[in-house]
Structure formats: structure tokens, C-alpha cells
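Heads up: the protein sequence lines correspond to chains A and B, in order. Residues in the first sequence are numbered consecutively from 1, following the working numbering. Residues in the second sequence are numbered consecutively from 1, following the working numbering. A quick write-up on the structure given underneath.
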Amino acid sequence: MSSHREAPSISKDPVADNTDTYAFRTPGETVTLITNYLPAQTPAGGPNFYEFGDDVLYEIKVDNTGDGRPDVVYQFRFTTTVTRDDTFLYNVGPIESLDSENWIRKQTYTVTKVTARGNQGRGKGQTVSEVLATDVPCPPCNIGPRSTPDYAGLAQAAVTELPGGGMVFAGQRAEGFFVDLGSIFDLGTLRPFQAAHLIPSASSPGVDSLEQINVHTIAIQVPIGHVTRDGAVPTDVAAPEAVIGVWGSASRQKGSTRNGRGAKADMGPWVQVSRLGNPLFNEVIVPMARKDEWNADGPDQDAEYAGFVAQPELAKLLPVLYPDVFPNLAALTADRADLLAILLTGIPSGLIPGFQNFTGPTQADMLRLNLAIAPSAEPNRLGLAAGDAAGFPNGRRVTDDVVTVELRAVAGLLYPLVDATYTPDAAAGGIEDGTFATLERTFLDVFPYLGVPYSGYDVPAGSSAA
Amino acid sequence: MTTVSRRSFLAKGGAGVAGVATVAAGGIALTGGSAGAAERSLDAEELAVLDRPMLLQIRDAAAGEVEILVGDTEIVFTDRALVARVLRASR
């Protein structure tokens, strides 16, 4: 949910709201790509439990040539089937298998791989489409012990192997992203540092606004060679072909009509309405007046937004909101070459020993993943900033604390990478998303990695400990 | 299915939202052209091809530019006479 309801238009269209994207290397020379949609689901979702949109085109896109255009696209189209017309219920008994007759409203999906020919990018050259799987079942939502008595097993049964290697999953998951949303958007308050705020209050721990919340996940794991430009598994960290850019998106058809009796027809080409590469890019960098436009653009158009990265509004606000805490940041007026690299081009060789995820001069918001870097045996939630090169901003794992990493980066902690004469403020290395100390998240150590969703029976609305 | 001519379509289009006309489960004959273009009813084969919802939108009234949204495609053509009649019908 690093980009949940982040723009005026998409905040009114949750089914198409792309909230988080993850990309990370996984065992067996595979890469896992995940995009989330449908933010802020209270687990008690009945009677109309959450589901993907049949009228939405969901995509996970990979750029392996550095031009900000997709070279490999995984498309997902959903179909909802209602098996009975004589009940108001989602299920009329326990759902113990994915083909249970007790489950009235089922969803399946098709997975299609679209590949650009000749490394020209999908917008420039011809493409080849290959249907990888059809009628793939989604699991139901996690309803409760009577309706979904073995939810973990039921959902895991929806993990489907793909021809040629890999696997796919689409369905409800526990939200993995954590942030003190209520605090941050109250004039940039950072619990527990609110005593230092311009409008001070007593210090108190961070509050995880997304605790016990669910989301809908599309996850695909494929052999690394399926997404690299030369079809190989890279071994040289310094090689340009080792780096891919990844983002998710959702599109709707350009035209839509309603017949006045509940039926809707869609027609015309697909128009992108949401996307997500780096967490929080649209949320805290792009001005509100341009957020909808950004959601409709492709990453190859992100040079238009580079000025907001070079002179980020949040970096100017921090010294104002926290007087005398960020004097060095306040004096830093040069363009933020550190943020431009992290978010828009990747980090070139020479800045961090033994690391690069540079994709070239094209400024494009994508998660950049150097696939020559093996998964970490002991992942650090602060990723690359803490010496763990397998984590954000080298791709993004489900456990990475991206809010803290980006807060510290905006505060100038990494600016010495591009200007050795700059000394970060002491606070730049201390600020963090205050929720981590009390965080309660459970992740899986196997695909699809995001945790089992909370059940509506066990976590009814309003019962969150938060 | 009712045979729909351009003339009957235009009559229906006048009830639509300004700038947008819709045809459900039918189609229109497009001769791409001039105000005096010949009109005829569609035959069964043509209707079968167009047996999908479609939406016509005037993209640029001054230029007579119209776009058709059908299936997952968009077709753009210029017909100043058609645009003029749609606009007059929408008053």
C-alpha cells in the first residue's frame, strides 16, 4: 500500500488501484514479481467479498533494455462465475476445495505473456503474445472458520505451476506494507519524534495504520532467463544486462456504457489508470495536480517528473516541520543526484562498491533489480542502505522497510554517495517509520511470500489492536 | 436484430450525451465521406461483423474527427457532415 489511494481518480477505483510492487530473486534461479491491488480491505468483507475486476487489465511489466518501456509483460484477466441465482450468499457451506459447490461466486484468470520483438519495447516494435495458463483458480477470501476452515491450505492450492517453469497466484493476502499513515499525513508527524515537531506533542510509539488489513495480490515466479534481455541468468553484477526494471499497472477500456438495469459494456483500447514501481513515488513526490496524469503515463515519460525528484517537496518540509533538526538538509539546495539515481536511473557503478542497478540515462520510475545478486541469507529490512544488496532499492522484498529507507534517503543520508563533502544531519540516520518496533506481520517463506489474509470472523471491522 | 441505417442511428444519437453517441448490438454504415454520400441499409453479413457494443465519440468537432471504440480497438475517421448532423441532433 505504498501507493494506496494516492491519486484523486484512482482513490475512487480501488479494484484498479495498484498499491505495491515487489521484485526479488528467489531460490532456484527464479525471480518473483508481485503487484497488489484493492487496498485497505477490512477482513469482514461480506456479503460482497473482495475480488479482482473482470473489466480491468492487470499487468506486471519488465524493461530489460533500459528505455522505460516494457519488453516482457505478464497480463492477467479475470472472469467471475456465479453458480447459483437463488441465494444472496457468497457460500452456502464450508469451502474446502477450490471447486467446492458450496462456493457460489468464483473467480478464475488467464495469464498471457507478451514479449517485445527485437528489444524495441512494446510501444515501438511488434509483440508476441503467448497464453501461459487459462482458467486458473483464485482462492476465496478468508471468511472465517466455518466457511473457510483450512484457509492456508485452500489458498496454497491456488498456487499454479506454469508451463516452461514458474508458478502463479492471484488472490487475497495479508497486507505486507506498514506505515504510520495517520501520523505522516498529519502535517508530516513522525511518531515517536512528535516532540520535535513544529507543533509538538508528547512522544508516543508509531501506529501501524495497515495492521490486520488485507489486499489482493498477483504474484508470478519465473525462471530468471524469462525476463532478461539475452535469456541468460546473469552472474556479473557489473553487466548492464543483469539489471531489469519492474512495475505494475492496471488499465480500463476507454469507453463504457450502462444500460440502466445494472449491466455495463466496455469497449475500446486499454487505458492505463494506475501504476507502481518504486514505493511512494506518486504518493509523496508527484504534486497532487499531476498524480492522475502520472498514473496514466508510462515510465518512459517520467523525465517530466524528474524535477520533483531533484527538488523533493518533503526534503524542504522536514527542516520546517522539525526546526533545528535538519540544518544541513536545509542548506542543501543542489539537485538531489542521489534520489535521481535511486528512483529514476538506478545507481551506477562506482558509488557503492560491488553494486550497480543502473539502466541507462532514461529517467523512469521502476523497481530496478540486479539479478546477478543472489538472495540474502539474512535479509536486512533496510536493504542496500544497511549493506544488504539483495534488498530495496535493489528490487524490493516483501519484508523491506521501504518507508524508513526512503525517509532517510530524502533526509539526505545517502547524499554523500554523490557528494563526499556533504555531512548528513544526525537525525537523517535516526528517523524511521515508527511502527517497526511493535510491528506484527507474518510472511511466508515460500511463494507467494505475502502472508495468509486475516479472516473476517477473527478480525471484524473495528477490532484492530491499532 | 433490427437493421440500423446511418439515418436511424443519427436519430437515436440525438438522445445521447453531448459529443457521444452509442449503438448497442448493431452498427452503422460508414462511407467515410462527404455530406452527400449514398446511404443504404446494412446487410446481414455486415451486421454480424458489428454485433458488439460500440461507442462513437466526436474527438475534434471542427476537424470532423470521430473515433469509434469497439472491442479493444479504436478507429478514427473524418466525416465533417456526420459530425455536423450529430451536433445539430444533440441540441
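In this text, a Cβ means the ideal position worked out from N, Cα and C, and glycines have one as well.
Are any of the Cβ atoms in chain A nearer than 8 Å to that of G71 (chain B)?
Among the residues facing chain A, G71 (chain B) is included, as its CB has a counterpart in that chain under 8 Å away.
Between E74 (chain B) and chain A, is any beta-carbon pair separated by less than 8 Å?
E74 (chain B) counts as touching chain A.
Which residues bound the alpha helix (DSSP H) around V410 (chain A)?
Note, V410 (chain A): alpha helix (DSSP H), V402 to V410.
Let me check understanding here. Comparing Cα to Cα, which of A:G231, A:W247, A:V72 and A:K254 lies closest to L56 (chain B)?
Looking only at A:G231, A:W247, A:V72 and A:K254, the smallest Cα-Cα distance to L56 (chain B) is reached by A:K254.
Which whole-angstrom value is the C-beta distance of I60 (chain A) and Y37 (chain A), which I expect to be below 8 Å?
In fact, because the Cβ distance is near 11 Å, the residues do not count as touching under 8 Å.
Measure the Cβ-Cβ separation of I218 (chain A) and F76 (chain A) and say whether it is below 8 Å.
Yes, the Cβ-Cβ distance between I218 (chain A) and F76 (chain A) is below 8 Å.
What whole-angstrom Cβ distance do Y454 (chain A) and N142 (chain A) have, given they're in contact under 8 Å?
At roughly 7 Å, the Cβ-Cβ gap stays under 8 Å, so Y454 (chain A) and N142 (chain A) are in contact.
Minimum C-alpha distance to T26 (chain A) - residue among A:G430, A:G166, A:P240 and A:P353:
It is A:G166.
Shortest alpha-carbon distance to E175 (chain A) belongs to which of A:T83, A:T115, A:P287 and A:T19?
Measuring from the Cα of E175 (chain A), the nearest candidate turns out to be A:T19.
8 Å is my cut-off, CB to CB: does A21 (chain B) come that close to chain A?
Confidence in A21 (chain B) is poor, its pLDDT being 46 and thus under 50, which makes the residue's placement too unreliable to answer from.
Whole runs of the beta strand (DSSP E) within the stretch 246-334 of chain A, excluding any shorter than 3 residues:
Whole beta strand (DSSP E) segments, 3+ residues: 264-276.
Under the assumption that H4 (chain A) contacts A44 (chain A) (Cβ atoms under 8 Å), give the Cβ distance between them as a whole number of angstroms.
At roughly 19 Å, the Cβ-Cβ gap does not stay under 8 Å, so H4 (chain A) and A44 (chain A) are not in contact.
How should T345 (chain A) be labelled, buried or exposed, when 16 other C-beta atoms within 10 angstroms of its C-beta is the threshold for buried?
Classification of T345 (chain A): buried, given that the 10 Å Cβ count is 16 or more.
Segments assigned alpha helix (DSSP H), at least 4 residues, entirely inside the stretch 41-77 of chain B:
The stretch 41-77 of chain B contains, as complete alpha helix (DSSP H) runs of 4+ residues, the segments 44-49 (chain order).
I want to see whether chain B comes within less than 8 Å of A265 (chain A), judged by CB atoms only; does it?
At least one C-beta of chain B is nearer than 8 Å to the C-beta of A265 (chain A).
Stretch-stretch touch, CB-based, cutoff 8 Å, three pairs: the stretch 259-279 of chain A with the stretch 382-391 of chain A:
A contact is defined here as three or more CB-CB pairs under 8 Å, and the stretch 259-279 of chain A fails this definition with respect to the stretch 382-391 of chain A.
Quick check: is the beta carbon of L87 (chain B) nearer than 8 Å to any beta carbon in chain A?
Not an interface residue.
Run of the beta strand (DSSP E) containing I143 (chain A), from where it starts to where it stops:
Taken as a continuous stretch (DSSP letters only), I143 (chain A) belongs to no beta strand (DSSP E), as it is neither H nor E.
Could you tell me if the beta carbon of F392 (chain A) falls within a distance shorter than 7 Å of some heavy atom in the ligand COA?
This structure lacks the ligand COA, and indeed carries no ligand of any kind.
By Cβ distance below 6 Å, which residues in the same chain neighbour R258 (chain A) in space, the five residues on each side in sequence not counted?
K264.
Going by other Cβ atoms of all chains shown within 10 Å of its Cβ, with 16 needed for buried, is S201 (chain A) buried or exposed?
With fewer than 16 other Cβ atoms within 10 Å, it is exposed.
Determine whether the Cβ of L47 (chain B) lies closer than 8 Å to any Cβ atom of chain A.
For L47 (chain B), the closest Cβ of chain A is not nearer than 8 Å.
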